[in-house]
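Protein chains in written order, with my numbering: chain L, 1 to 164; chain S, 165 to 425.
Virtual Cβ for every residue (Gly too), placed ideally from N, Cα, C.
Bear in mind that the values here come from a model prediction, so they are computed numbers and not experimental data.
In what follows, a single structure is set out as structure tokens and then discussed.
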């Protein structure tokens, strides 16, 4: 086994060259280069996790905005509903008052027309009385030759008319 | 049977000085640039090139940058899972350890023998794995004592131990703690050595049976070759798993040092 057979003449050279080459590996590569490589990887990891956090935060903000929008949407819907109800009530009230006013006007017109009719019929009745009284007086003068008074003739006519 | 003597499954672990540096020395110690050292340098350079590709630092990574970041992220997750957030500061060390061992294991598996080169797996030498294990163990000791002082010894006394049991348990825990660098280094060395020996033995079967007779070559040789394909795939897995085990155990031990029990 050369490892044992040659140990006396080779151990110093083996140890020397190993320390030299491993020293180079450790000081130049291990201490000089590896931290930079690892630093790059760490920086990338940090950037990725930072970006992910930012995305997550943006997502949360979007959710918040949506919830806010929903609340405001519901609020405006309710407000619109209220306005609608109010408008309906106002419209109903307004049409009611107008209807009442129109009713009143119509009633007034009817009353006026009835009054006119009554007046016209009264006038007609009065004319009939006058004519009848005149006729009664003429008849009394012709038949009895008595000049009947105006009042008497009128009363007689009234009584006759009342009896139908 | 004289032919089989030519194929030595252990020869792949032989260390040979390269480029005539046999007698290069430092302070009386030989530091020849060997094939083992060459593969250490290769592992370091390949790792360097690999990580350079991950240095573009783009927000949206390309494939290469993604691959490098995947590896550092893998080590980061391993450390955070075992130690917690305090484990981040060990990313450079454990990453270096894991990738260096992984590339050493994988580069040693390259089929360079096809073009006449001799691939070498320096993690199959306990002189190399031992250094790595002692390094991890030393870091555990340094961190443990620097953070907790002598309180670090409470690591050897599990919670709720009756007073009478403290001395024997302390001893057992101490031994199991002191064995850690050996288990860490030997596990990697043994796993890599065993796999490579097995592959070379099977390769020897293929060559020797084919040389013996066509009938043996077709039966034993073909069966061995099919087995080799499967075991090569298994060895790729072992190469990754052993590097992972080394990094995982290092992080588990670091957790003891960092958090005690």
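- Counting along the chain, residue 253(S) sits inside no alpha helix (DSSP H), nor does DSSP assign it H or E at all.
- When only Cα atoms are considered, residue 107(L) and residue 101(L) end up about 10 angstroms apart.
- Distance check between residue 353(S) and each of 178(S), 272(S), 320(S), 294(S) places 294(S) closest, using alpha-carbon atoms only.
- For residue 393(S), the enclosing alpha helix (DSSP H) begins and ends at 386-423.
- Taking a Cβ-Cβ cut-off of 7 angstroms, the neighbours of residue 12(L) in chain S comprise 193, 194, 195, given in sequence order.
- Looking at the backbone, the Cα of residue 381(S) and that of residue 174(S) are separated by about 23 angstroms.
- If you look at residue 221(S), you'll find it isn't in any alpha helix (DSSP H); DSSP assigns it neither H nor E.
- Within the stretch 204-223 of chain S, those residues whose Cβ lies closer than 8 angstroms to any Cβ of chain L are, in chain order, 204, 205, 207, 208, 211, 212, 215, 216, 218, 219, 221, 222, 223.
- Nearest in C-alpha terms to residue 20(L), of all of 206(S), 217(S), 365(S), is 206(S).
- For residue 360(S), there are no neighbours in chain L by C-beta distance under 9 angstroms, as the nearest C-beta there is about 11 angstroms away.
- Residue pairing of residue 189(S) in beta bridges, as defined by DSSP: 194(S).
- The alpha-carbon separation between residue 320(S) and residue 333(S) amounts to approximately 7 angstroms.
- In the structure shown, residue 181(S) adopts extended strand secondary structure according to DSSP, grouped into three states.
- Contacts with chain S (Cβ-Cβ distance below 9 angstroms) from the stretch 29-42 of chain L involve 29, 30, 31, 32, 33, 34, 35, 36, 37, 38, 39, 40, 41, 42, listed in chain order.
- DSSP places residue 147(L) outside both helix and strand once states are collapsed to three, so it counts as coil.
- Here the alpha carbon of residue 63(L) sits roughly 16 angstroms from the alpha carbon of residue 74(L).
- Note that the C-beta distance between residue 153(L) and residue 124(L) is not below 8 angstroms.
- Taking a Cβ-Cβ threshold of 7 angstroms, none of the residues of chain S is close to residue 61(L); the smallest such distance is about 26 angstroms.
- Residues of the same chain with a CB within less than 7 angstroms of the CB of residue 344(S), apart from the 5 flanking positions on each side, are 301, 417 in chain order.
- One alpha carbon belongs to residue 89(L), the other to residue 72(L), and they sit about 25 angstroms apart.
- Rounded to whole angstroms, the Cβ separation of residue 237(S) and residue 244(S) is 10 angstroms, and the two are not in contact under 8 angstroms.
- Using a CB distance cut-off of 8 angstroms, residue 83(L) does not count as an interface residue toward chain S.
- Across the stretch 280-295 of chain S, CB contacts with chain L closer than 8 angstroms involve 286, 288, 289, 290, 291, 292, 295, in sequence order along the chain.
- In summary, the residues of the stretch 243-266 of chain S whose CB is separated from some CB of chain L by less than 7 angstroms are 255, 256, 257, 259, 260, 264, in the order they occur in the chain.
- With respect to chain S, the C-beta atom of residue 9(L) has a partner C-beta closer than 8 angstroms.
- Of the other Cβ atoms in all chains shown, fewer than 16 fall within 10 Å of the Cβ of residue 59(L); this residue is therefore exposed.
- Taking all protein chains in view, the Cβ of residue 240(S) is crowded by 16 or more other Cβ atoms within 10 Å, so the residue is classified as buried.
- The beta-carbon of residue 297(S) is placed no less than 8 angstroms from the nearest beta-carbon of chain L.
- Taking C-beta atoms under 8 angstroms as the contact rule, residue 36(L) and residue 219(S) qualify, at a distance of about 6 angstroms.
- Closest by C-alpha distance to residue 199(S), out of 232(S), 289(S), 217(S), 260(S), is 289(S).
- Taking the Cβ atoms as the reference, residue 412(S) lies roughly 19 angstroms from residue 211(S), outside the contact range of under 8 angstroms.
- Distance from the CA atom of residue 144(L) to the CA atom of residue 126(L), rounded to whole angstroms, is 26 angstroms.
- Under the three-state reduction of DSSP, residue 289(S) is assigned to coil, being neither helix nor strand.
- Linking residue 331(S) to residue 22(L) through their CA atoms gives a straight-line distance of about 39 angstroms.
- With distances taken between CA atoms, residue 29(L) lies nearest to 260(S) out of 260(S), 246(S), 188(S).
- The alpha-carbon separation between residue 325(S) and residue 315(S) amounts to approximately 16 angstroms.
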